[in-house]
Amino acid sequence: MINITRFSLNNSRLTILFLLLVVFTGVFVYLDYPKQEDPSIVIREAVVMASFPGMSPERVEDLITRKLEEKIREIGEVDEITSDSKTGISLIHVIIKDQFADLQPIWQDLRNKMVDVTPELPKGTQGPFIDDEFGLTSIADIAIWSDGFSMAEMREVARNTRDRLYTLKGIRKVELYGVQKERIYLEFANSKLAKLGLTPGIIGQTLKEQNILLPGGKVNVYGQEVIVEPSGNFNDVDAIAEVMIPIPGTEKVTPLRDVVTIIRDYVDPPEKPVYFNGRQAIILSISIMEGVNSIEFGE
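Right, here's the structure in full:
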């Protein structure tokens with residue numbers, strides 16, 4: 000049997016070379032080892048959400064939540080299901096058993112089940128949508144703000160920045176926070192509407208009919224088929240202003256701009272606003288794939 004101590008003393012140069020090789024290998028592995036500020040935590044939970052605006056909580060429970068729960072229970076890996084039915088919204092939390100480590104096939108199975116059950120839901124139901132990534136750790140946040148630009152302009156810059164970030168190797172997800180939805184507000188005087196015999200309901204219905212999406216089709220013109228694809232969408236505020244509103248009891252119409260004041264603005268009050276140094280901003284939250292060195296990525 001070889002005596003390690005005697006062998007090392009008799010071959011001192013080889014021993015020193017071996018020790019140096021071990022040290023350099025350790026340093027190299029340490030520097031190249033994946034690093035991130037926060038540890039990776041396996042989140043065994045996903046959220047399934049479906050909505051039907053205006054539907055009562057009881058009908059949401061009976062017509063949507065129960066059908067989704069029944070389909071989810073067909074997945075053997077599911078450990079626990081909790082649901083919450085509110086006015087117009089169904090939220091279901093799905094928790095997976097601890098013994099399953101690879102969750103992606105399970106989440107894909109969940110998505111497939113939700114696709115299968117969709118035809119059974121009431122017509123007009125939005126979703127179901129699945130969120131299985133709310134446990135991702137952000138490795139960098141980028142704030143975009145400016146005193147001289149509108150929210151729409153900052154949103155465009157944020158989206159362009161997000162598209163460029165997705166071209167980088169190792170990016171898993173880039174989320175935008177603080178983006179505010181645009182709104183078109185119609186301000187009117189009740190006295191003016193009453194004088195014309197109009198009501199807010201008449202104006203709203205007219206705008207709805209003008210903006211409706213109709214199915215396309217084909218028209219035969221002198222033996223040739225012409226494809227018709229009507230969009231029905233308002234492209235800008237000017238298009239809304241030129242909508243003709245019928246005057247009740249007459250055959251007259253008047254453009255909307257002569258009846259109301261049209262203002263293009265944002266949701267008020269802001270929904271989940273984000274601030275940077277006291278200024279309203281848009282935040283890009285960046286998550287990377289597993290095994291990517293967050294320090295090198297940041298550099």
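Residue numbering for the sequence shown follows numbering that gives the first Met the number 0, beginning at 0 and increasing consecutively. Even glycine gets a Cβ: it sits at the ideal position worked out from N, Cα and C.
Legend entry - Integer-rounded CB distance, given that Lys66 should sit under 8 Å from Leu120: 6 Å
Legend entry - For Ile244 and Glu250, the rounded distance between their alpha carbons: 11 Å
Legend entry - Residue range of the alpha helix (DSSP H) that includes Glu299: Since the first residue of the chain shown is 0 and the last is 298, residue 299 is not available in this structure.
Inset, instruction - Measure the C-alpha to C-alpha separation of Ala151 and Phe99 and round it to an integer number of angstroms. - result: 44 Å
Legend entry - Pick from Ile105, Ile88 and Arg158 that is closest to Gln125, judged by C-alpha positions: Ile88
Legend entry - Exposure of Thr64, with buried meaning 16 or more beta-carbon neighbours within 10 Å: buried
Legend entry - Option nearest Ile261 by Cα separation, candidates Glu241, Gly277 and Asp267: Glu241
Legend entry - For Tyr165: DSSP bridge partner residues: None; Tyr165 has no bridge partner.
Inset, instruction - With a cut-off of 8 Å on the beta carbons, I'd call Leu283 and Ile141 a contact; round off their distance for me. - result: 4 Å
Inset, instruction - Within 10 angstroms of the Cβ of Ala188, are there 16 or more other Cβ atoms? Answer buried if so, exposed if not. - result: Under the 10 Å beta carbon count, Ala188 is surrounded by fewer than 16 other beta carbons and is classified as exposed.
Legend entry - Nearest neighbour of Val47, chosen from Thr86, Val93 and Asn10 [CA to CA]: Val93
Legend entry - the segment 47 to 63 in contact with the segment 73 to 91 per 3-pair CB rule at 8 Å: As far as the Cβ criterion goes, the segment 47 to 63 touches the segment 73 to 91, which means the pair count is three or higher.
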